[in-house]
Amino acid sequence: MRVVLADDAVLLREGLVRLLTESGHQVVAAVGDGDALVAAVVTHRPDVSLVDVRMPPTHTDEGLRAAVTARRLVPRTPVLVLSQYVEVSYADDLLATTGGAGGGGIGYLLKDRVAAIDEFLDALARVADGGTVLDPEVVAQLLVRRRRDDPLAALTPREREVLALMAEGRSNPGIARALVVSDGAVEKHIRNIFTKLDLPPDADDHRRVLAVLAYLRP
541 MRVVLADDAV LLREGLVRLL TESGHQVVAA VGDGDALVAA VVTHRPDVSL
591 VDVRMPPTHT DEGLRAAVTA RRLVPRTPVL VLSQYVEVSY ADDLLATTGG
641 AGGGGIGYLL KDRVAAIDEF LDALARVADG GTVLDPEVVA QLLVRRRRDD
691 PLAALTPRER EVLALMAEGR SNPGIARALV VSDGAVEKHI RNIFTKLDLP
741 PDADDHRRVL AVLAYLRP
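Its first residue numbered 541, the sequence shown is counted upward by one per residue in the numbering used here.
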């Protein structure tokens with residue numbers, strides 16, 4: 541894959557460049573601020589961009605805002621955002637860019653996940669392929685939010701596990717591997733979840749994840 545990388549921490553940026561290169565990918569640009577990220581995406585049209593949320597000058601959400609801008613200028617450009625801490629609002633902002641002409645793969649992961657190299661590279665590939673990847677910690681925070689009349693109460697413990705993995709962007713085979721069950725069992729659980737939560741049984745994984753996340757938001 542052709543990758544644009546944006547992170548102001550030089551050591552981490554160079555480490556990611558080496559990791560991606562040794563994994564067979566081409567880093568077409570490695571930059572340290574939001575404006576440079578937007579310019580690199582417009583110039584190179586990468587297969588995926590890997591972006592730190594906090595970058596100069598204020599180190600708050602410049603990276604996220606630059607990613608949103610890049611997706612507006614280059615519709616459907618895949619972006620995987622890395623963050624030091626869980627900020628559900630950041631994930632919401634990124635997910636909002638999937639509407640209308642936006643589309644394209646999106647992801648939000650904690651930086652700690654990079655240490656699990658195989659899982660990190662898998663997440664990057666899923667985003668590049670147009671999928672949705674959310675950090676399990678973000679999903680956990682969404683799941684613990686409760687409405688006054690909470691339909692999640694109707695789900696079995698196993699169905700809740702399946703729902704969480706769906707919200708992370710896992711495919712049916714991926715859920716089956718994570719829970720060590722058959723594909724048929726996963727399909728049955730998902731049918732039950734859709735029925736109990738009155739969600740559309742859309743076969744498209746990306747839209748399925750978005751439907752689940754829309755339901756989980758308060």
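Glycine is no exception: its CB is placed at the ideal position from the N, C-alpha and C atoms.
Thr735 (DSSP reduced to helix, strand or coil)
helix
Name the two residues that bound the continuous alpha helix (DSSP H) containing Gln681.
676 to 684
So, with DSSP's three-state summary, where would you put Asp575?
helix
Taking the alpha-carbon of Ala636 as reference, which of Val619, Gln624, Leu559 has the nearest alpha-carbon?
Of the candidates Val619, Gln624, Leu559, the one whose C-alpha sits nearest the C-alpha of Ala636 is Val619.
Three-way DSSP call (helix, strand, coil) for Ala546 in this model:
strand
What three-state label does DSSP hand Leu695 in the structure shown?
Correct three-state label for Leu695: coil.
CA-to-CA distance, Leu683 to Ser629, given in whole angstroms:
Distance between the alpha carbons of Ser629 and Leu683: 15 Å.
With C-beta atoms as the reference, is Leu604 less than 8 Å away from Val621?
yes
Give the straight-line distance between the Cα atoms of His599 and Val608, rounded to the nearest whole angstrom.
16 Å
Between which residues of its own chain and Ala641 is the CB-CB distance below 7 Å, once the five residues before and five after are set aside?
Because Ala641 carries a pLDDT of 42, less than 50, the predicted location of this residue cannot be relied on, and no value is offered for it.
Note down the Cα distance separating Arg611 from Thr617, rounded to an integer number of angstroms.
When rounded, the distance between both Cα atoms is 6 Å.
Close-in-space but distant-in-sequence residues of the same chain around Ala718 (CB under 7 Å, 5 per side omitted):
Leu705, Arg710
Only counting the same chain, and skipping five residues up and downstream in sequence, which positions put a Cβ closer than 8 Å to that of Gly714?
Correct list, in chain order: Leu705.
From the DSSP output, in three-state form, read off Ala656 for me.
coil
Specify, as a first and last residue, the run of the beta strand (DSSP E) that Ser589 falls within.
588 to 592
Here's a check: name, in chain order, each residue in its chain whose Cβ is nearer than 6 Å to the Cβ of Thr672, leaving out the five neighbours to either side.
Ile646, Gly709, His746, Val749
Member of Ser563, Gly564, Glu562, His584 whose CA lies at the smallest distance from the CA of Val571
His584
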